[in-house]
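When we follow numbering that gives the first Met the number 0, the leftmost residue of the sequence shown carries the number 0, and every step to the right adds one.
Note that the Cβ used here is the ideal one computed from N, Cα and C, for glycine as well.
Quick caveat: nothing in here was measured; it's all calculated off a predicted structure.
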Amino acid sequence: MNLEDKIDNDIFRIIGNVADSMNLETYVVGGFVRDSIMGRKSTDIDIVTIGSGIELAQNIASVIPHKTKVTVFKNFGTAMIHYTIDDKLWQIEFVGARKESYRKDSRKPIVEDGTLEDDQNRRDFTINAMAISLNEKTFGLLLDPFDGVNDIKRQIIRTPLDSDITFSDDPLRMLRCIRFACQLDFSILPSTFDAITRNKERIKIISQERITEELNKMILSSHPSDAFRLLDKCGLLEIIFPEIVALKGVESVGERTHKDNFKHTLEVLDNVSKQSNKLFLRWAAILHDIAKPLTKRYDSRLGFTFHGHEVKGSKMVVHIFRRFKLPLNDSMKYVQKLVFLHLRPIALVEDEVTDSAVRRFLFEAGDDVDDLMILCHSDITSKNMLKKQQYIKNLAIVKQKMIEIEEKDKIRNFKVPVTGEDIMEIYGLSPCIQVGILKDKIKDAILDGELENDREKALDFLYEQAKALGLKKKNE
Ligand code: CTP
0 MNLEDKIDND IFRIIGNVAD SMNLETYVVG GFVRDSIMGR KSTDIDIVTI
50 GSGIELAQNI ASVIPHKTKV TVFKNFGTAM IHYTIDDKLW QIEFVGARKE
100 SYRKDSRKPI VEDGTLEDDQ NRRDFTINAM AISLNEKTFG LLLDPFDGVN
150 DIKRQIIRTP LDSDITFSDD PLRMLRCIRF ACQLDFSILP STFDAITRNK
200 ERIKIISQER ITEELNKMIL SSHPSDAFRL LDKCGLLEII FPEIVALKGV
250 ESVGERTHKD NFKHTLEVLD NVSKQSNKLF LRWAAILHDI AKPLTKRYDS
300 RLGFTFHGHE VKGSKMVVHI FRRFKLPLND SMKYVQKLVF LHLRPIALVE
350 DEVTDSAVRR FLFEAGDDVD DLMILCHSDI TSKNMLKKQQ YIKNLAIVKQ
400 KMIEIEEKDK IRNFKVPVTG EDIMEIYGLS PCIQVGILKD KIKDAILDGE
450 LENDREKALD FLYEQAKALG LKKKNE
């Protein structure tokens with residue numbers, strides 16, 4: 000098969016010409032070939048040459064129109080250049096064809112020079128093991144020893160060689176397998192999947208950063224629950240994310256039962272994913288009920304309860320983020336906040352939707368209120384249609400009320416108009432409990448609608464409150 004049309008770009012001709020002048024067989028391989036056959040855009044190009052990838056990269060960099068730096072990774076025998084095509088920065092990586100053998104305790108292989116065939120044999124999946132020739136005489140020729148093109152047609156992921164060897168050599172590939180299945184909407188060949196089940200323990204030699212990178216890619220796919228189901232089925236989920244496996248199962252006492260929180264969480268995750276591509280909003284969906292197993296109680300009057308799971312869950316976020324090596328920054332605080340507040344909008348309607356309760360909610364949610372409402376809406380997974388409609392109707396009432404109050408009182412980015420410094424300055428105080436009490440009184444009065452959100456009025460209110468506490472102004 001000739002795929003010249005897939006590499007219809009000057010850069011491939013340049014690479015081919017330089018390779019010819021050096022007498023090197025050279026190919027574009029891996030993800031770029033897979034994606035171009037599938038009609039997907041890719042700006043990462045992997046080039047394999049039967050010789051020195053570093054020398055080839057250096058010679059190419061010296062002839063391409065815009066000067067580019069060659070980044071050399073001597074230890075890996077690879078080199079990288081950047082090249083701009085249609086305003087997009089392409090990353091082109093060069094490597095010499097290799098033959099690899101692995102030790103049991105490490106994913107760091109012993110590497111020797113090899114042929115194209117050796118190089119294709121050591122790749123993870125048939126769809127990633129195709130190569131297109133760049134040398135002039137064979138420009139565009141596809142070399143597909145494992146019938147990757149047919150696997151793309153059949154939408155199948157399978158390993159080129161014995162799956163046990165492919166996965167044991169590099170256990171990260173087990174996650175890549177599930178990730179590709181979800182990203183591309185492909186099925187995994189049963190014998191390949193069974194090999195994941197057999198080799199799952201080997202994932203323990205992979206660094207957490209690499210695991211998390213793959214997991215995040217799965218979470219960002221369009222139907223992420225598929226990935227979690229596959230991870231669960233092969234047993235990898237129990238190893239990398241036991242807290243989520245703990246959500247599985249249903250318990251009953253007589254007629255009373257509770258929902259399977261694993262299934263529910265996955266449904267919420269898919270619901271959120273239909274509405275947003277934000278990685279950490281999806282993480283909030285994954286973690287929103289994470290503390291349910293720890294807070295589950297049975298009460299003969301109320302049935303099963305999970306009181307305080309939102310509080311405990313928001314506290315678990317930091318531990319989970321730390322273990323996953325996810326950033327412990329504002330993204331984590333955002334997830335904590337969403338987990339903490341995820342029940343609030345529904346609770347608002349279950350009591351009476353008072354203006355002050357809505358104001359408090361807007362104040363606490365701040366700029367994340369829209370994301371919180373997406374989570375809250377996605378959390379309605381009841382199979383009882385009447386119940387579901389009632390919840391949706393209630394949420395709509397809360398939303399409407401939020402819009403009205405926000406328009407009127409501008410609470411979302413509200414800052415108390417009198418600061419702690421103001422109070423200390425006026426009353427000659429150093430930081431102390433009274434300053435906090437007075438500040439809270441002003442904030443509460445505004446949120447309760449008793450005081451306008453205005454500095455002058457807030458100062459008058461402060462004077463009254465301070466007087467009642469027996470405080471005197473500095474200059475009195
Ligand atoms: N590869 C492999 N085993 C791995 C990682 C990569 O065999 N653990 C090979 C595959 O042939 C893959 C190529 O190296 O196609 C490039 O790897 P990478 O850039 O990580 O993946 P892509 O297939 O390009 O896909 P993506 O960019 O979506 O990760």
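Mind checking which residues open and close the alpha helix (DSSP H) that includes residue i?
{"i": "residue 224", "result": "224-233"}
{"i": "residue 40", "result": "Taken as a continuous stretch (DSSP letters only), residue 40 belongs to no alpha helix (DSSP H), as it is neither H nor E."}
{"i": "residue 296", "result": "Per DSSP, residue 296 belongs to no alpha helix (DSSP H); it is in the beta strand (DSSP E), 296-298."}
{"i": "residue 362", "result": "354-364"}
{"i": "residue 241", "result": "241-244"}
{"i": "residue 272", "result": "260-274"}
{"i": "residue 18", "result": "9-20"}
{"i": "residue 211", "result": "207-218"}
Hey, is residue i close to the ligand CTP, as in C-beta under 7 Å from one of its heavy atoms?
{"i": "residue 163", "result": "no"}
{"i": "residue 411", "result": "no"}
{"i": "residue 226", "result": "no"}
{"i": "residue 127", "result": "yes"}
{"i": "residue 235", "result": "no"}
{"i": "residue 174", "result": "no"}
{"i": "residue 171", "result": "yes"}
{"i": "residue 113", "result": "no"}
{"i": "residue 43", "result": "yes"}
{"i": "residue 29", "result": "yes"}
{"i": "residue 476", "result": "Lying before the first or after the last residue shown, residue 476 is absent from the chain, which here runs from 0 to 475."}
Is the separation between the beta-carbon of residue i and that of residue j shorter than 8 Å?
{"i": "residue 291", "j": "residue 260", "result": "yes"}
{"i": "residue 91", "j": "residue 49", "result": "no"}
{"i": "residue 52", "j": "residue 11", "result": "no"}
{"i": "residue 287", "j": "residue 248", "result": "no"}
{"i": "residue 331", "j": "residue 289", "result": "no"}
{"i": "residue 205", "j": "residue 241", "result": "no"}
{"i": "residue 41", "j": "residue 30", "result": "yes"}
{"i": "residue 142", "j": "residue 280", "result": "no"}
{"i": "residue 223", "j": "residue 268", "result": "yes"}
{"i": "residue 303", "j": "residue 265", "result": "no"}
{"i": "residue 62", "j": "residue 13", "result": "yes"}
{"i": "residue 368", "j": "residue 397", "result": "no"}
{"i": "residue 203", "j": "residue 235", "result": "no"}
{"i": "residue 473", "j": "residue 427", "result": "yes"}
{"i": "residue 201", "j": "residue 166", "result": "yes"}
{"i": "residue 324", "j": "residue 475", "result": "no"}
{"i": "residue 8", "j": "residue 84", "result": "yes"}
{"i": "residue 404", "j": "residue 410", "result": "yes"}
{"i": "residue 153", "j": "residue 123", "result": "no"}
{"i": "residue 348", "j": "residue 297", "result": "no"}
Please go through the same chain and pick out, in chain order, the residues whose beta-carbon is closer than 6 Å to the beta-carbon of residue i, but skip the five residues on each side of it.
{"i": "residue 139", "result": "1, 2, 3"}
{"i": "residue 79", "result": "70, 92"}
{"i": "residue 422", "result": "434, 437"}
{"i": "residue 377", "result": "267, 270, 271"}
{"i": "residue 274", "result": "373"}
{"i": "residue 335", "result": "313, 316"}
Residues in the same chain with beta-carbon distance under 8 Å from residue i, minus the five sequence neighbours each way, listed in chain order, please.
{"i": "residue 110", "result": "76, 97, 98, 99"}
{"i": "residue 415", "result": "438, 441, 442, 445, 457"}
{"i": "residue 321", "result": "327"}
{"i": "residue 306", "result": "294, 296"}
{"i": "residue 454", "result": "416, 417"}
Leaving out five residues before and five after residue i in sequence, what residues of the same chain have Cβ atoms less than 7 Å from its Cβ?
{"i": "residue 191", "result": "156, 157, 158, 162, 176"}
{"i": "residue 444", "result": "450, 460"}
{"i": "residue 477", "result": "Absent from the structure is residue 477, since the part of the chain shown begins at 0 and ends at 475."}
{"i": "residue 364", "result": "340, 371"}
{"i": "residue 197", "result": "163"}
{"i": "residue 478", "result": "With the chain covering 0 to 475 only, the question about residue 478 has no answer from this structure."}
{"i": "residue 355", "result": "446, 447, 448"}
{"i": "residue 95", "result": "48, 50, 51, 52, 76, 112"}
{"i": "residue 361", "result": "368, 401, 404, 405, 410, 411"}
Mind checking which residues open and close the beta strand (DSSP E) that includes residue i?
{"i": "residue 110", "result": "109-112"}
{"i": "residue 83", "result": "77-84"}
{"i": "residue 530", "result": "The first residue shown for the chain is 0 and the last is 475, placing residue 530 beyond what the model contains."}
{"i": "residue 320", "result": "Where residue 320 is concerned, there is no enclosing beta strand (DSSP E), although the alpha helix (DSSP H) it sits in stretches over 308-322."}
{"i": "residue 71", "result": "70-72"}
{"i": "residue 304", "result": "302-304"}
>> What ranges does the beta strand (DSSP E) occupy inside the segment 377-448, keeping only unbroken runs of at least 3 residues that lie completely in it?
In response: Scanning the segment 377-448 for uninterrupted beta strand (DSSP E) segments of 3 residues or longer gives nothing; none is fully contained.
> Going along the chain, which unbroken runs of the beta strand (DSSP E) with 3 or more residues stay wholly within the segment 93-168?
Replying inline: Counting only unbroken stretches of 3 or more residues, the beta strand (DSSP E) elements lying wholly within the segment 93-168 are 97-100, 109-112, 130-132, in sequence order.
> Enumerated in chain order, which unbroken segments of the alpha helix (DSSP H) with a length of 4 residues or greater are wholly contained in the segment 173-204?
Replying inline: Within the segment 173-204, the complete alpha helix (DSSP H) runs of at least 4 residues are 189-198.
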